[in-house]
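Protein sequence lines, in the order shown, are assigned to chains A and B.
At position 327 of the first sequence the residue is numbered 327 (UniProt numbering), and the sequence of numbers has no breaks.
At position 168 of the second sequence the residue is numbered 168 (UniProt numbering), and the sequence of numbers has no breaks.
For each residue, glycine too, the CB sits at the ideal point set by N, CA and C.
If you're wondering where the values come from, they're calculated on a predicted model, not measured in any experiment.
The structure appears below as structure tokens.
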Amino acid sequence: MGEDADARKINHGFLRDHGYVTEADVISTVEFNHTGELLATGDKGGRVVVFQREPESKSAPHGQGEYDVYSTFQSHEPEFDYLKSLEIEEKINKIKWLPQQNAAHSLLSTNDKTIKLWKITERDKRPEGYNLKDEEGKLKDLSTVTSLQVPVLKPMDLMVEVSPRRVFANGHTYHINSISVNSDCETYMSADDLRINLWHLAITDRSFNIVDIKPANMEDLTEVITASEFHPHHCNLFVYSSSKGSLRLCDMRAAALCDKHSKLFEEPEDPSNRSFFSEIISSVSDVKFSHSGRYMLTRDYLTVKVWDLNMEARPIETYQVHDYLRSKLCSLYENDCIFDKFECAWNGSDSVIMTGAYNNFFRMFDRNTKRDVTLEASRESSKPRAVLKPRRVCVGGKRRRDDISVDSLDFTRKILHTAWHPAENIIAIAATNNLYIFQDKVNSEMH
Amino acid sequence: MFARGLKRKNADGEDSPPAPPSYSLQRQSLLDMSLVKLQLCHMLVEPNLCRSVLIANTVRQLQEDLSLDAAWRLPAPPGAGRGPLERLVSTDILCRSPWEQQGGHSAPDSGGSPAPDLCELPGAPSAQALSSAPGCAWEADGPRESRGGFQASLDQILETLESRAPRAAEGLFADVDGPYYDLDAVLTGMVGAKAVPGDGFEALASAGAPPPGSSCKRDLGELDHVVEILVET
């Protein structure tokens, strides 16, 4: 465990590689907590690693603190479903932090079937001076005890303890793809391919089904739920996205079962771009409310779109992530890359959006200036404290020196999971089994 | 990264560079690929339902497209000549870049917009018309190719079934609410219970050279059947 922690330790803002790559180390989710002080990652092996930002040092008051490993624990184990003769993967699909209400930190982590609530506490004192036990905890020989003493708390090396406080099991027949904590801080929802359940954080043996799109006849199934999220301020509103590219905003006050959406957000298909792959590439892989709660961000295979909650007919902004792949869809279908689910993220002020792509590239779009940049997360191209160099994919025509051609892109190196610090220009990028944290030292505050 | 295993039209004996694969061939390849993808389930872990649904929807689209084609290929009344020609026209739009790259040709410089591969559905009105003679030859080729390809993919499915036979009994008692994609359970059950699928496959294999229209229709009948099986729980 110690070696693992070392290997995942962030050094100067960049993660040192493992000497070996194991499937289990592939990072499957990344999430900052509400203050940005903690960063949690989940991996395919069911482990959660939490990083903590070091407080800024007195010697460099403007230097941002860097992230170090705070705690590592095994959240989920592989299970076997005997009824179906199928394994249940321990891969962590999502982690969501609960708002901090006391000294402890709590997070929800989920695999395909089971959600767990973990409590992370610190211990930096321990009692010393017991009457009946000695220093090692062995019972003392009573004849040697001549007087009574009151045990006192003495400082000790910081110990971070993690304990599972709740296990929310057996709520889902299909694979959980999202969890989202409500702004009421009492409930949360979990969504699988066909259903969404509402849970109370303190109650594990019961959940309420609030969305069910399973058809009476499974043969008629043509659409699944791909992601869902609670509105950041209105505890009655949530959105879920589908494999057909639509978003449904639901109001829990309207009915107990929110199968009827309050609003349906769907962009009409562009007839000039129609192909056999149109539906697949329109499938929404991630949906995120803006911090303001006014907008939603969606990611489909080739684009990210910003939607205004007040306009259902079409997105207000569309950004091309890697449109040069549009003519390669057949090949991407063959090698299954077309089913990759990329996530997307807002910055703290909702002015910049970010998403990952292939070849360990990730893209940022500034909504105000309409400028975009492609950056690469790799050890070779990034030295500690170096400025990331913008990359370019050339699609024919003039080719500059450092351009990458579409055909040289490495489709096995994909950035599916990214996260943006809630307040500062710090981003966490998961590139397979490596975690990169980039900080904007020049503009540390949001603009 | 580029397409491997996708069929390339036989160009033996031709002096000119091989013609790009026809729309029909590409579509058939896509259909074969999709069927293989659907039945390649991980034995131990439940496959991704979203992916299965998207592939099944694609198979349905291809099936609809095939059936539209079949409608056109039937002997058309004199007045309906315009329709089939419009349908054939679409093959011109299809891109060759993946195949060309495979064959070592340099990719067309995308000064103009590259013709997309299999990415344009038929019906674009702006494509040029093909003359009817090559069109007929293409028509005759089509069903035979698609039958061959279809047969190959069905063979693959059956092979996989046989290798999974030991699990068949468990599959038959699978939870009704079980995975949408529990193919081996359903297919084994079907093959055991009815002789129709087996008969259909044999008939397909032993068929001589029936007129294009009817064999294509039979293909569609079988395809219908297979798709039904595949999407059934």
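So what does DSSP say about residue i, is it helix, strand or coil?
i: B/LEU49; result: helix
i: A/PRO268; result: coil
i: A/ILE203; result: coil
i: A/GLU445; result: No answer about A/GLU445 holds up, because its pLDDT of 39 lies below 50 and its placement is not dependable.
i: A/ALA227; result: strand
i: A/TYR333; result: helix
i: A/THR35; result: coil
i: A/LYS260; result: coil
i: A/ASP323; result: helix
i: A/THR412; result: coil
i: A/ILE92; result: coil
i: B/TYR181; result: Because B/TYR181 carries a pLDDT of 42, less than 50, the predicted location of this residue cannot be relied on, and no value is offered for it.
i: A/ASP407; result: helix
i: A/ILE427; result: strand
i: B/SER34; result: helix
i: A/ASN433; result: coil
i: A/GLN74; result: strand
i: A/GLU136; result: coil
i: B/SER22; result: coil
i: A/LYS328; result: helix
i: B/VAL59; result: helix
i: A/ASP440; result: coil
i: B/ARG82; result: Reliability fails at B/ARG82, whose pLDDT of 42 lies under 50, so the model's placement of it is uncertain and the value that follows must be treated cautiously. Helix at B/ARG82.
i: A/ASN209; result: strand
i: B/GLU64; result: helix
i: residue 490 of chain A; result: Only positions 1 to 447 of chain A appear in this structure, which leaves residue 490 of chain A out of reach.
i: A/THR144; result: helix
Name the chain B residues whose beta carbon is nearer than 8 Å to that of residue i?
i: A/SER190; result: Neighbours of A/SER190 on chain B: none; closest Cβ ~16 Å, over 8 Å.
i: A/SER207; result: Chain B residues near A/SER207: none, gap ~17 Å exceeds 8 Å.
i: A/SER243; result: CYS50, VAL53 and LEU54
i: A/PHE339; result: ASN48, CYS50, ARG51 and LEU54
Cβ of residue i within 6 Å of any heavy atom in the ligand SAH?
i: A/LEU86; result: Absence of the ligand SAH from the depicted structure is noted, as is the absence of any ligand whatsoever, leaving it without description.
Taking residue i as the reference, which of the options has the closest Cα?
i: A/GLU90; options: A/ARG401, A/TRP346 and A/ILE176; result: A/ILE176
i: A/ILE196; options: A/HIS231, A/VAL239 and A/ASN217; result: A/VAL239
i: A/SER378; options: A/VAL393, A/ASN368, A/ASN359 and A/ARG367; result: A/ASN359
i: A/ARG182; options: A/GLU334, A/ARG314, A/ALA430 and A/HIS233; result: Here residue 182 of chain A turns out to be Asn, not Arg, going by the sequence shown. Out of A/GLU334, A/ARG314, A/ALA430 and A/HIS233, A/HIS233 has the C-alpha closest to the C-alpha of A/ASN182.
i: A/LEU148; options: A/ASP81, A/THR121 and A/GLY129; result: A/GLY129
i: A/SER109; options: A/HIS291, A/MET189 and A/PRO151; result: A/MET189
i: A/GLN74; options: A/LYS84, A/TYR67, A/SER262 and A/ASP43; result: A/ASP43
i: A/LEU332; options: B/SER24, B/PRO21, B/LEU30 and B/SER22; result: B/LEU30
i: A/GLY245; options: A/VAL150, A/ARG401 and A/PHE265; result: A/PHE265
i: A/GLU186; options: A/TRP199, A/SER178 and A/LYS305; result: A/TRP199
i: A/ALA345; options: A/GLY356, A/ASP336, A/ASN335 and A/VAL26; result: A/GLY356
i: A/CYS337; options: A/CYS250, A/SER327, A/ASP68 and A/PHE411; result: A/PHE411
i: A/GLU37; options: A/ARG401, A/TRP97 and A/LEU309; result: A/TRP97
Under 9 Å between beta-carbons, which chain A residues line up against residue i? List them in chain order, please.
i: B/GLN28; result: Within chain A, no residue comes near B/GLN28; the closest Cβ sits about 12 Å away, beyond 9 Å.
i: B/GLU64; result: None at all; the shortest Cβ gap to chain A is about 10 Å.
Measure how close the beta-carbons of residue i and residue j come, nearest whole angstrom, since I'm counting them as under 8 Å.
i: A/TRP307; j: A/TYR295; result: 6 Å
i: A/LYS154; j: A/LYS125; result: 7 Å
i: A/PHE342; j: A/SER285; result: 5 Å
i: A/LYS133; j: A/GLU229; result: The pair is not a contact, with the Cβ atoms about 50 Å apart (cut-off 8 Å).
i: A/ASP193; j: A/TYR174; result: 4 Å
Run through chain B and tell me which residues come within less than 7 Å of residue i, C-beta to C-beta.
i: A/VAL224; result: LEU49, CYS50 and VAL53
i: A/ASP193; result: LEU49 and CYS50
i: A/GLU89; result: VAL45
Which chain A residues are close to residue i, counting only those with a beta carbon under 8 Å from its beta carbon?
i: B/GLN61; result: PHE276 and GLU279
Given that residue i touches chain B, what residues does it touch there, using C-beta distances under 9 Å?
i: A/HIS175; result: GLU46, ASN48, LEU49 and CYS50
i: A/SER283; result: CYS50 and LEU54
Would you say residue i lies against chain C (beta-carbon separation less than 7 Å)?
i: A/LYS133; result: In the structure shown, chain C cannot be found, because the protein chains are A and B.
Check whether the segment 198-216 of chain A touches the segment 155-168 of chain A, counting contact only when three or more Cβ pairs, one atom from each stretch, lie closer than 8 Å. For the pair of segments examined, the segment 198-216 of chain A was found to touch the segment 155-168 of chain A: the number of CB pairs separated by less than 8 Å reaches three.
Would you check if there are 3 or more beta carbon pairs closer than 8 Å linking the segment 139-148 of chain A to the segment 112-120 of chain A? no
For the segment 29-37 of chain B against the segment 52-65 of chain B, are there 3 or more C-beta pairs whose distance is under 8 Å? yes
With three or more beta-carbon pairs closer than 8 Å as the criterion, would you say the segment 276-295 of chain A touches the segment 213-220 of chain A? With a cut-off of 8 Å, the segment 213-220 of chain A and the segment 276-295 of chain A do not count as touching, because too few Cβ pairs lie within range.
Is it the case that the segment 31-43 of chain A contacts the segment 82-89 of chain A, given that we only count it when at least three CB pairs across the two stretches are under 8 Å? no
Whether or not the segment 316-335 of chain A and the segment 249-266 of chain A are in contact is what I'm after, with contact meaning three or more pairs of Cβ atoms, one per stretch, closer than 8 Å; do they touch? no
When you compare the segment 360-379 of chain A with the segment 326-340 of chain A, are there three or more beta-carbon pairs, one atom per stretch, that lie closer than 8 Å? no
Decide yes or no for the touch test of the segment 348-365 of chain A against the segment 420-432 of chain A: beta carbon pairs closer than 8 Å, at least 3 of them. Enough Cβ pairs lie closer than 8 Å, so yes.
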